[in-house]
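S.K.: The structure's right below; bear with me while I get my questions together.
Numbering (mature numbering (1 follows the signal peptide of the UniProt record, and there is no 0)), first residue to last: -28 to -1, 1 to 72.
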């Protein structure tokens, strides 16, 4: 699993979602996110039950996308800005028609 020290991308993204942030959060080469990449992430989130609240769910999303930590963080930040991902306690929730 992709981690920063002992922190997975989901933990980092949850923390970032609760903070004010700017477009420059992700490294330049990983900050550009395509619609295809967002769609792939959304499909992985739906497959994980639309809620990532455990390391097991985070691993499932990471493995299904194959994206780097930086790319995943950039995607989460973009989806947060559009209201498609929200923070719930210590988890990320996808807001999508494919979610219960």
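Beta carbons are placed, not taken as given, at the ideal position from N, Cα and C, and that holds for glycine.
To the nearest angstrom, how far is it from the Cα of residue 50 to the Cα of residue 28?
M.R.: Looking at the two C-alpha atoms, the distance is approximately 23 Å.
S.K.: Just to confirm, are residue 20 and residue 37 a CB contact at a threshold of 7 Å?
M.R.: Contact: no.
S.K.: Apart from the five residues on each side of it in sequence, which residues of its chain come closer than 8 Å, Cβ to Cβ, to residue 61?
M.R.: Only 25 meet the Cβ criterion.
S.K.: Return the residue from the list 70, 59, 65, 54 that minimises the CA-CA distance to residue 7.
M.R.: Considering only alpha carbons, the answer is 54.
S.K.: Distance, Cα to Cα, residue 18 vs residue 71?
M.R.: Going by the C-alpha atoms only, they are around 6 Å apart.
S.K.: Exposed or buried, which one is residue 33 when buried takes at least 16 other CB atoms within 10 Å?
M.R.: By the 10 Å Cβ count, residue 33 comes out buried.
S.K.: Thinking C-beta only, is residue 42 closer than 7 Å to residue 69?
M.R.: No, Cβ-Cβ distance for residue 69 and residue 42 is not below 7 Å.
S.K.: Let's test the definition: count the other Cβ atoms within 10 Å of the Cβ of residue 57 and tell me whether it reaches 16, buried, or not, exposed.
M.R.: Flag for residue 57 reads buried.
S.K.: Could you give the DSSP three-state label for residue -1: helix, strand or coil?
M.R.: For residue -1, the pLDDT reaches just 48, beneath the cut-off of 50, and the residue's location in the model is therefore unreliable, leaving the point undetermined.
S.K.: Report yes if the CB atom of residue 46 is closer than 7 Å to the CB atom of residue 5, and no otherwise.
M.R.: Result yes, Cβ atoms of residue 46 and residue 5 sit closer than 7 Å.
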